[in-house]
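Enquirer: Residue numbers (numbering that gives the first Met the number 0), protein chains in the order written: chain A, 0 to 182; chain B, 0 to 182; chain C, 0 to 265; chain D, 0 to 265; chain E, 0 to 361; chain F, 0 to 361; chain G, 0 to 76; chain H, 0 to 76.
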Amino acid sequence: MQNDVIMAGFGGQGILLIGKILAYAGMREGKEVSWLPSYGPEMRGGTCNCTVVISDRPVGSPVIRSPRAVVAMNLPSLDKFEPDLRPGGLLIINTSLIDRGAARDDVTVVSVPANEIANELGNPRGANMIALGAYLGATGAVSLDGVIEVVRETFAAKPAVVDVNITALRRGHEIGAAHAVAV
Amino acid sequence: MQNDVIMAGFGGQGILLIGKILAYAGMREGKEVSWLPSYGPEMRGGTCNCTVVISDRPVGSPVIRSPRAVVAMNLPSLDKFEPDLRPGGLLIINTSLIDRGAARDDVTVVSVPANEIANELGNPRGANMIALGAYLGATGAVSLDGVIEVVRETFAAKPAVVDVNITALRRGHEIGAAHAVAV
Amino acid sequence: MPETVFSRPESLRDVTTHYCPGCTHGVIHRLVAEVLDELGVRQRTVGIAPVGCSVLAYNYFETDFHEASHGRAPAVATGIKRARPDLIVFTYQGDGDLASIGMAEIVHCANRGEKVTVVFVNNAIYGMTGGQMAPTTMPGQVATTCPLGRDVDLAGHPIRIAEMLSTLRTPAFIARCSVHTPLLAVNAKEMLRRAFTHQVEGRCFSLVEVLSTCPTNWGVPPGEATRWLEKNMLPYYPLGVFKTPDGGSREPAPLSGSGGRSGHAE
Amino acid sequence: MPETVFSRPESLRDVTTHYCPGCTHGVIHRLVAEVLDELGVRQRTVGIAPVGCSVLAYNYFETDFHEASHGRAPAVATGIKRARPDLIVFTYQGDGDLASIGMAEIVHCANRGEKVTVVFVNNAIYGMTGGQMAPTTMPGQVATTCPLGRDVDLAGHPIRIAEMLSTLRTPAFIARCSVHTPLLAVNAKEMLRRAFTHQVEGRCFSLVEVLSTCPTNWGVPPGEATRWLEKNMLPYYPLGVFKTPDGGSREPAPLSGSGGRSGHAE
Amino acid sequence: MTKKLMKGSEAIGEAAVQAGCHLFFGYPITPQNEIPEYMSMRLPQVGGTFVQAESEVAASNMLYGAAGSGERVMTSSSSPGISLMAEGISYLAGAQLPVVIVNIMRAGPGLGGILPAQGDYLQATKGMAHGDFRLLVLAPWSVQEAADLVQDAFDLADYYRNPVMVLGDGLIGQMMEPVEFADDRVPIKELPPKGWAATGHDGSKPRSVINSLFLDPEELERHNLRLKEKYDLIERDEVRFEAVNLDADYDLLIVAYGTVARVCSTAIEELADSGVTVAMVRPITLWPYPYLAVREAADRATAVLVVELSAGQMIEDVRLALEGTKPIHFLNRMGGMLVSPDAVADKVREILGADAGEVSDA
Amino acid sequence: MTKKLMKGSEAIGEAAVQAGCHLFFGYPITPQNEIPEYMSMRLPQVGGTFVQAESEVAASNMLYGAAGSGERVMTSSSSPGISLMAEGISYLAGAQLPVVIVNIMRAGPGLGGILPAQGDYLQATKGMAHGDFRLLVLAPWSVQEAADLVQDAFDLADYYRNPVMVLGDGLIGQMMEPVEFADDRVPIKELPPKGWAATGHDGSKPRSVINSLFLDPEELERHNLRLKEKYDLIERDEVRFEAVNLDADYDLLIVAYGTVARVCSTAIEELADSGVTVAMVRPITLWPYPYLAVREAADRATAVLVVELSAGQMIEDVRLALEGTKPIHFLNRMGGMLVSPDAVADKVREILGADAGEVSDA
Amino acid sequence: MSQIVISPDRCKGCELCVQACPQQILGMSRKINAKGYFYAEVVEQPRCIGCRLCCITCPDVAIEMRVHGTMYHYFAY
Amino acid sequence: MSQIVISPDRCKGCELCVQACPQQILGMSRKINAKGYFYAEVVEQPRCIGCRLCCITCPDVAIEMRVHGTMYHYFAY
Ligand SMILES: Cc1ncc(C[n+]2csc(CCOP(=O)(O)OP(=O)(O)O)c2C)c(N)n1
Ligand SMILES: Cc1ncc(C[n+]2csc(CCOP(=O)(O)OP(=O)(O)O)c2C)c(N)n1
Ligand code: SF4
Ligand code: SF4
Ligand code: SF4
Ligand code: SF4
Ligand code: SF4
Ligand code: SF4
Ligand SMILES: [Mg+2]
Ligand SMILES: [Mg+2]
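(1) Since residue 63 (chain H) is in the alpha helix (DSSP H), which residue starts that stretch and which ends it?
(2) Determine which residues of the segment 4-33 of chain A have a Cβ less than 8 Å from any Cβ of chain E, and write them out in chain order.
(3) So what does DSSP say about residue 361 (chain F), is it helix, strand or coil?
(4) What are the residues in the segment 57-82 of chain A lying within 7 Å of chain G by C-beta distance?
(5) Does chain F have any CB closer than 9 Å to the CB of residue 69 (chain D)?
(6) Following a CB-centred definition, is residue 6 (chain C) positioned closer than 8 Å to any heavy atom of ligand 3?
(7) Tell me which residues of the segment 83-111 of chain E have at least one Cβ-Cβ distance to chain F shorter than 7 Å, keeping chain order.
(8) For residue 262 (chain E), which residues in chain A fall below 8 Å Cβ to Cβ?
(9) Please identify the residue among F:51, F:79, F:95 whose C-alpha is closest to the C-alpha of residue 66 (chain F).
(10) On the three-state DSSP scale, how would you describe residue 41 (chain B)?
(11) Less than 8 Å between the CB of residue 27 (chain H) and some heavy atom of ligand 8, yes or no?
(12) Note down, in chain order, all residues in the segment 18-50 of chain E with a beta-carbon under 9 Å from any beta-carbon belonging to chain D.
(13) Taking the runs of the alpha helix (DSSP H) that are 4 residues or longer, which of them lie wholly in the segment 129-216 of chain F?
(14) Check residue 258 (chain E) in the structure and name its three-state DSSP category.
(15) Taking Cβ-Cβ distances below 7 Å as the criterion, which residues of the segment 113-138 of chain A are in contact with chain E?
(16) Beta carbons nearer than 9 Å to chain D: which residues of the segment 201-216 of chain E have them?
(17) Straight-line CA distance for residue 110 (chain B) to residue 94 (chain B)?
(18) List the residues of chain B whose Cβ lies closer than 7 Å to the Cβ of residue 35 (chain H), in chain order.
(19) Touching or not, the segment 232-252 of chain D and the segment 73-80 of chain E, by the rule of three or more beta carbon pairs under 8 Å?
(20) For residue 65 (chain G), I'd like the list of residues in its chain whose CB is within less than 6 Å of its CB, leaving aside the five on either flank, ordered along the chain.
(21) So, residue 54 (chain A) versus residue 30 (chain A), is the Cβ gap smaller than 9 Å?
(22) As a quick exercise: from F:230, F:336, F:247, F:273, pick the residue whose alpha carbon is nearest that of residue 223 (chain E).
(23) Please report the straight-line C-alpha distance between residue 133 (chain A) and residue 91 (chain A), rounded to a whole angstrom.
(24) To the nearest angstrom, how far is it from the Cα of residue 230 (chain F) to the Cα of residue 324 (chain F)?
(25) Taking the alpha carbon of residue 37 (chain H) as the point to measure from, which residue in H:52, H:44, H:28 has its own alpha carbon closest?
(26) With respect to 8 Å, is the separation between the Cβ of residue 41 (chain G) and the closest non-hydrogen atom of ligand 5 below this value?
(27) Is there contact between the segment 68-76 of chain G and the segment 11-29 of chain H, where contact requires at least three CB pairs shorter than 8 Å?
Quick look at the structure:
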């Protein structure tokens, strides 16, 4: 049984970070994992994305042509990856920065106003955590607690950050859980 | 029918030059020819040599392992090439600078006090021409007149040099002719 | 009916660059393009892009272009100019490209006196590859290959290309300028105009070193970056003209009281 | 019972070199060997031979050696010294090797301030390959790749390495000397001693440029060659110390009345 | 021995450090910048030395000096940078210096692109530079294997006194995967002391000269023959490959290396689900190449499929192995495009559907 | 059209000049110094340009600029210098620039020696540098052929927009033989104008950009595919070889190239005198390689003998050609040592004496 | 009298022009443009003195200046 | 009192020592040595002032100097 997801957005939205946290938590749960960032010209400004695979068996291709899930944090990302999503797959859309809905009708769509919520929580940089939470809620790819553990360690240095991010994770998780899917 | 010869001596004795003249004359007589100089570390001081092949058929290997003739203008050259000479081959020794005779008894030896004669002729740098003459005399590889022609052209600029060199060639030729061999 | 007194020069193609927000590569591009327009040489100009953030310069200038291998633009320029002396040839190179891997090529291109123009963009960092130390990186400046800051005891001091090349005997025009303020940009344009003019008149090799910002790899916002350059780079990289073709040679003489020219034994 | 006051130094192996008669490479070898003896560092010295007539230097010195690729001896030296700082490391390089193909390596080795010593033998020609033009070849000097003499309009002026390197900010000892007369050879030995001493004391990079003859490719007898060097090279290649580690920087300042450091817009 | 999630580039760096690599000389180039960056941070912590060379040319020659001094040294680069090391690598091989060279391949030719490719296979295995010499070439397919092979590379380099290249691609350099390092790793070879190193000369041992010059042709020929003997030994003893499904009875054999082999393994699993059995030989040493393994595995298949991210490079070695005994099919992408498991599966079905005897389309 | 006695290096230079080579960029290296020296004297006489580059790296990049400007340009070097051009040559191939590169091979690896060898075969034909590209490689066996091939090289380079390498050895460079140049030579190809050259842009034609960078992988892949198509075309149309005695019925086939083939031809004549008939295929294009010719010629022989001045490089292509159909024997010298006609003859007798079916000793 | 025209879609939001304007009449919009940047806009056109410093500063040639009637230039450019 | 010893077989006949000797007491032999060079020899040993310039000049370390008793050095070396 394998979970894979492409997470994408503007550089600076903390996309690569949530991907790493997800992979790390997966490893902690004894799963086989791989994390692959996009690299190349996009790095200048533009968009960035990463592919995370979490599986019970050794990970074959770390490159996923048609992912089981896509987390789109901005419009270019949605335009780029929505078409590749597997039929029946999961599409998480950050409605704060994306003013269009999904074009696909054969996938589960979870709309998350990540930036708005983040601002509410007084943690404007936490939109990525909300999206991650939503992904976890919808897929259960790894346990929320496991991820929270990793977040604690990642930001061990700045306890303040830890708590706001955990709150963000939980808020996202609730939203995602409401659309729980099996992918 | 093929003639080939290795000519060797100190750098500065004009070895490469007489080799070129021989090859050039051969070409003029409609023969196939090749001229191959030694190159490499020896160029610093030390000895130098060249291999000339004159043949009726296209020249195969321009490198001759066991030559039909050797012209040794100094001791190191004699030591180096005498052993390679073909049985029955021709060995020309410049006795002015070499105080030993031939070690081989299965070859025709022509002893030429090239430097002495050159000095006699008031042409101290002409030892090489005397050796070339001797080789021509002994082998008839190409005609003396042909070579003289080439010498005329080669030194066209300095007529004085032409005459002394022709004289040197003739003197050498006489000596060589006295030992005429078929190689 | 309004007159447009400032707009995109003809020699600069109307495309969005891939440069980061506030990166002054964009300013330098425009200045070069304006000079080409004003000298009326665009149609016979061939540019040479380096390997660096400006690797795609060939997409930005409205002239023919060559994309050179890393550091070798001066050799490519030599090839072009020797093949077609009628062309106006310029290289556009970063500090890693020119001062590190391309050191031999720039020194020899300058020393042969190739009649080309070199636009040397010094941003004290390897931009494109993600902020590694350059030969021009400032002492103590943090870069991804000197995480604790450049240690001059291990990596030496920053190389000053304008100073070094101006000691060569072969005539040349060599200057350093900056674009971190508009007024200095105006001066930079003047330096570029002089450099290209020397080439147009077939006079000599010309090189203009332009101090530039790299907000992304310096890790500061563009506004900060201009102040960082002012504070850290300007004192070490003085602006001005270092060499003119008729200005004679600028190499140091032996220190007095040393060996001297004591002649023969007898 | 007579005392031998002059004989072959221990650091110089008792073999005949392949150098041409009168070639001063031999003198320079002996001077370096004498200095190694006198400093008592032979046993912990590693030399680096270039590609050039001195390619076989490893056969002539009684020390461990590396044979480097053409022009890269300073990089090899860097590798050795960084691996074994306790060793005394010197390169022995010709002018084609160091000033042409090896330009980037010598500039960066000097600029990093590698604590090695470079013996730079400038004979204004490519000796080993048969007399082609070097970056150091004199204007008008005939070489096999400039049969009509070096044309400065096409090949530029000779590069003065000592001058160029002494403009780098990183501390170093840089000097130029000659061995075409015995007394100058004595001075050359002194320069070499100072250079190696700086290394032994772990102080800085050091380079000694030694003017040398190439009778074979200059096409003159050895005696002539010393006079040719005196007449043609000395005036262009002044002897002396150009830089000392504590002597401060020697780069030229901007020419006055140019661009200047005009600050911000406001 | 705990698992860490590491980027391939960092795992390569850490593996080198733990293998006793004391010096690193390199020049930045995407997609392997994280290797020099990691080393610049890590080596000083263990008393080692990191030097950012002025170029790859310089780096390869710094390697020469440091390796000649008896230290364990490494450099890393990507395709164009490796080409710049060609002369230096020939010198390293000629002087028989043990060094580890990592090439994280990107797409070419020329500046090309920065995405993964396998276009440097022929360069690494056959024509790296002038003169007769060989590099050992190791090709990892995962971050863990990259780490393991880097450590083995140091042992092999020291044992054979020969440069060893670790040939990965952009994916290996950029992806993160769990890695673990043995706390008690032992060298895979008995390693003699480096008496040949040039570290000073007090007469107690013969003078050390690190050199590749032999002006006397007879001497140089003897040197060439000694090298050839060494290479023959390596070809005999160091061939490595991984076999997938060789015990099953399969219709088709896939030959692929590096991350591409991983994509193929996914395809093989998918095919298995749909009842098609496919075997794979994954060369781990690209030189020496597992000719025999490929030949024997192919003997039991009806056809062979070679999958590469190149115009067709390793396929030459497969041809040499098969000597025309089986049809060879070819699937490739180039320019940074990747082969997908589906593409492999489809190609396999197409081949098996078609007449197995068909002429190779490669 | 008169015969002149010329050194190979000079003949190569003169041939280039007469083929319209306008610029030469090079750096001295034995054993081909006479090429740059000749060009430095000759080019100015015809209004051309000679530049002594600061290095081979620079030379290959000057070539790039001059070729990109639409001129006929050449460089020459020897083994170590060619290795330094690796990156530059990959760029030239990637940007599809027509240039002629002469490599007068010397013995390696590393600094090696300065005497003749054939150790750069695999480099020239397979692994010259990073990325997927090919060079046309022409191998002359006489001074006259060297001159002719250099002139053809310029036509082939222009026609295919691809670098062409003329691969000779120290003998070709140093020996003197009679040469003649046609007064009225016509190009061997229809040559279109070089509209692609970057010579200024007045809008009358699309902007010219000489480039090998394609950051978009799909674009780069298209570029790689276009290159591959070109190479396939060259393999189809440009194979050249010389056949000796193929019409006779022979026991053994020799495969050799360059001056070595000449030595073999002498041996073949000697053997003929003693009643032994031996045939030879001499590849003139090393890439594209005459696989078919070698295969067909071998079909009629009992065994094949490959003779090389290397540890065994071209023999790989012979293996690819023969696919195990015939035993392959190998005779070689290295380090600057040369094969003698006698050695070849002896080897032939030994093989024919022995059981033709014996296992290859290569 | 001078008029500054900033093209929102060319702007990358670097704010250098804002910093450069001696009249402090440039500011950043609250809206994000197609590229995802908050772009610059003219806040108080009338106070513009037509010095062109903003135009000269902009790395992306996102700023044009038009003139109605004639105007005096502070410096040649 | 100084004694100059020239090794004929090390000498390459460059004549630099002859040129260097302030006393003009060195000359070239008429004989050729094993290497094929006319080698240098001391013509007038007694007039040698022990300045060592010949030794310092010789590129092939073919010249040694021995001293009988003590002697004054013109310069340190
Ligand atoms: C031979 C080679 N080595 C290394 C690289 C990787 N590389 C690309 S750009 C660059 C440095 C760019 O820095 P700089 O020249 O300062 O330009 P900037 O990006 O700062 O404008 C490097 C090392 C390469 N492409 N080719
Ligand atoms: C890469 C490479 N390029 C060229 C050569 C050929 N080469 C050998 S020595 C030399 C120049 C030597 O001149 P210099 O450095 O001045 O030393 P000198 O012989 O004058 O002492 C050259 C070009 C080489 N061996 N390797
Ligand atoms: S990385 Fe730096 S130099 Fe490159 S575009 Fe961005 S800011 Fe400019
Ligand atoms: S060629 Fe010149 S440098 Fe070389 S050994 Fe002879 S004289 Fe000395
Ligand atoms: S022209 Fe001057 S005043 Fe007007 S907006 Fe621009 S900077 Fe401000
Ligand atoms: S300077 Fe240009 S890019 Fe920057 S904010 Fe102003 S208009 Fe936008
Ligand atoms: S020591 Fe002085 S005086 Fe005596 S021989 Fe030598 S040079 Fe002449
Ligand atoms: S200097 Fe030395 S080599 Fe030259 S002649 Fe005198 S003794 Fe002989
Ligand atoms: Mg930079
Ligand atoms: Mg020299």
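All C-beta atoms in this analysis are idealised placements derived from N, C-alpha and C, irrespective of residue type, glycine included.
Expert: Reading from the atomic positions:
(1) The residue labelled residue 63 (chain H) in the question sits at position 64 within the eighth sequence. Here residue 63 (chain H) belongs to no alpha helix (DSSP H); instead the beta strand (DSSP E) covers 62-66.
(2) Flagged, chain order: 19, 22, 23, 26, 31, 32, 33.
(3) Stepping through the sixth sequence from its first residue, residue 361 (chain F) is reached at position 362. Low per-residue confidence applies at residue 361 (chain F): pLDDT is 41, beneath 50, and the placement is therefore not dependable, though the value from the model is reported in the following sentence. It is coil, neither helix nor strand.
(4) Listed in sequence order: 73.
(5) Translated into positions along the fourth sequence, residue 69 (chain D) becomes position 70. In terms of beta-carbon proximity, residue 69 (chain D) lines the interface with chain F, with at least one pair separated by less than 9 Å.
(6) The residue given as residue 6 (chain C) occupies position 7 in the third sequence. Result no, Cβ not under 8 Å from ligand 3.
(7) Result list: 83, 85, 86, 89, 90, 92, 93, 94, 106, 107, 108, 109, 110, 111.
(8) By 1-based counting over the fifth sequence, the position of residue 262 (chain E) is 263. Residue 262 (chain E) reaches chain A at 59, 60, 62, counting residues in chain order whose Cβ is nearer than 8 Å.
(9) Reading the sixth sequence from its first residue, position 67 is the one you call residue 66 (chain F). When C-alpha distances from residue 66 (chain F) are compared across F:51, F:79, F:95, the shortest belongs to F:95.
(10) Looking up residue 41 (chain B) in the second sequence gives position 42. In this prediction, residue 41 (chain B) scores a pLDDT of 48, lower than 50, which makes its location untrustworthy; no coordinate-derived value is stated.
(11) The sequence position of residue 27 (chain H) within the eighth sequence is 28, counting from 1. Indeed, a heavy atom of ligand 8 lies less than 8 Å from the Cβ.
(12) Residues of the segment 18-50 of chain E with a C-beta less than 9 Å from any C-beta of chain D: 21, 22, 24, 48, 50, listed in chain order.
(13) Runs found: 142-159, 169-173.
(14) Here residue 258 (chain E) refers to the residue found at position 259 of the fifth sequence. DSSP places residue 258 (chain E) in the helix class (H, G or I) of the three-state scheme.
(15) The residues in question: there are none.
(16) Considering only beta carbons, the part of the segment 201-216 of chain E lying closer than 9 Å to chain D consists of 201, 202, 206, 207, 208, 209, 210, 211, 212, 214, in chain order.
(17) Here residue 110 (chain B) refers to the residue found at position 111 when the second sequence is read from its first residue. Here residue 94 (chain B) refers to the residue found at position 95 when the second sequence is read from its first residue. Whole-angstrom Cα-Cα distance: 6 Å.
(18) To locate residue 35 (chain H), count along the eighth sequence from 1; it is residue 36. Within chain B, the residues near residue 35 (chain H) are 9, 73.
(19) The count of Cβ pairs closer than 8 Å, one atom from the segment 232-252 of chain D and one from the segment 73-80 of chain E, stays below three, leaving the stretches out of contact.
(20) Position 66 of the seventh sequence, counted from the first residue, corresponds to residue 65 (chain G). 2.
(21) Against the first sequence, residue 54 (chain A) aligns to sequence position 55. Against the first sequence, residue 30 (chain A) aligns to sequence position 31. With respect to the 9 Å criterion, residue 54 (chain A) and residue 30 (chain A) are classified as neighbours on the basis of their beta carbons.
(22) Numbered from 1 along the fifth sequence, position 224 holds the residue referred to as residue 223 (chain E). The option with the nearest alpha carbon to residue 223 (chain E) is F:336.
(23) Here residue 133 (chain A) refers to the residue found at position 134 of the first sequence. Here residue 91 (chain A) refers to the residue found at position 92 of the first sequence. Spanning the two alpha carbons is a distance of roughly 8 Å.
(24) Position 231 of the sixth sequence, counting from 1, holds the residue named residue 230 (chain F). Position 325 of the sixth sequence, counting from 1, holds the residue named residue 324 (chain F). The alpha-carbon atoms of residue 230 (chain F) and residue 324 (chain F) are separated by roughly 27 Å.
(25) In the eighth sequence, the residue the question calls residue 37 (chain H) occupies position 38. Among H:52, H:44, H:28, the Cα nearest to that of residue 37 (chain H) is on H:28.
(26) Position 42 of the seventh sequence holds residue 41 (chain G). Taking 8 Å as the cut-off, the C-beta of residue 41 (chain G) counts as close to a heavy atom of ligand 5.
(27) Here the segment 68-76 of chain G makes no contact with the segment 11-29 of chain H; the two share fewer than three CB pairs at distances below 8 Å.
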